[in-house]
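J.: Protein chains in written order, with the numbering used here: chain L, 340 to 488; chain H, 340 to 488.
1) Using the beta-carbon of each residue, which ones in chain H are nearer than 8 Å to residue 433 of chain L?
2) Please state whether DSSP places residue 438 of chain H in a helix, a strand or coil.
3) Between residue 505 of chain L and residue 360 of chain H, what straight-line distance do the alpha-carbon atoms span, to the nearest angstrom?
4) Can you check which of these residues, H:440, H:398, H:418, is closest to residue 365 of chain H by C-alpha distance?
5) Any chance the segment 455-465 of chain L sits against the segment 411-422 of chain H, with 3 or more Cβ pairs inside 8 Å?
6) With 16 other CB atoms within 10 Å as the buried threshold, where does residue 374 of chain H fall?
7) Just to make sure I have the definition right: I need the residues of chain H whose C-beta is within less than 7 Å of the C-beta of residue 443 of chain L. Which are they?
8) Considering Cα atoms alone, identify which of L:380, L:454, L:389 is closest to residue 442 of chain L.
9) Would residue 472 of chain L count as contacting chain H if we go by Cβ distances under 8 Å?
10) Which bits of chain H does residue 409 of chain L rub up against, with CB to CB less than 7 Å?
11) Under the three-state reduction of DSSP, which class applies to residue 449 of chain H: helix, strand or coil?
12) Using a 10 Å radius around the Cβ and a threshold of 16 neighbouring Cβ atoms, would you call residue 356 of chain L buried or exposed?
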């Protein structure tokens, strides 16, 4: 049952597959964190590989949805981070999926230029915990370190 | 080239596949955020489905690695959140992968009890942005809402 004072997240929770709300209404109720950001997970759309976790503010999210080129917010540089702008390792958006409370977004993308990570590796998640050790499990694709920004 | 004043992340970045450092040394340099947390992505290990994003503090991370049952930190309840403790929808850890700067961890897991999401859905990422609409794309597995905590 839908109550008029439900949040949009509660409304969506009760929806059947195919039911929808306006994106503008969702945008108004996105629970940005204290820094005005939501977490964004980039997943290669066909292999399922999780490539990186980064952050988006509202301009980054809107630009990503409009251009289909993924744009994050760089917390270290405090500016929009158009992934691949300088490195060529950009990300084409395939689809975008908000989670149940709207503070994270899953971006299914096509990683162009192969390396999502600034180290030149396909994925940022190359440090696997194996018992008492942390082991590097992915090699850089590019022979030299890539400034994958 | 490895410099003695490199952070452990810089050391790992320069490693070849198979090279490792002690987990205890990594733990000392994990860049917990202001709330003492890192972001944790849960991915079903065999299908590649991204199921949820949650948070871990140090006790949650250590408990997860020790028990192989995923434990998060609940920001809303401000307590350890042993996933599935009450719902039965727990997560068996298959492998854990820190990212290049250590502020996110990818957990490859086996989702027991099917629903990772508190709405009874397999994944929390059921709200797909489709143009001007946000559309529910995943139905609950369980007929009634599951308190998947």
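Think of the CB as a built atom: it goes at the ideal place given N, C-alpha and C, for glycine as much as any other residue.
T.: A quick look at the data gives this:
1) Within chain H, no residue has its beta carbon less than 8 Å from that of residue 433 of chain L; the closest one is some 11 Å off.
2) Note: residue 438 of chain H maps to coil in three-state DSSP.
3) It is not possible to answer for residue 505 of chain L, since the shown part of chain L is limited to 340 through 488.
4) Of the listed residues, the one whose Cα sits closest to residue 365 of chain H is H:440.
5) Fewer than three Cβ pairs drawn from the segment 455-465 of chain L and the segment 411-422 of chain H lie within less than 8 Å of each other, which leaves the two stretches out of contact.
6) Residue 374 of chain H is exposed by the Cβ-count criterion.
7) Going along chain H in sequence order, the residues near residue 443 of chain L (Cβ under 7 Å) are 392.
8) Residue L:380 is the option with its Cα nearest to residue 442 of chain L.
9) Closer than 8 Å to some Cβ of chain H, the Cβ of residue 472 of chain L qualifies, so yes.
10) The premise fails here: residue 409 of chain L is roughly 13 Å from chain H at the closest Cβ pair, so nothing lies under 7 Å.
11) In the three-state DSSP reduction, residue 449 of chain H falls in the strand class (E or B).
12) Its Cβ having fewer than 16 others within 10 Å, residue 356 of chain L is exposed.
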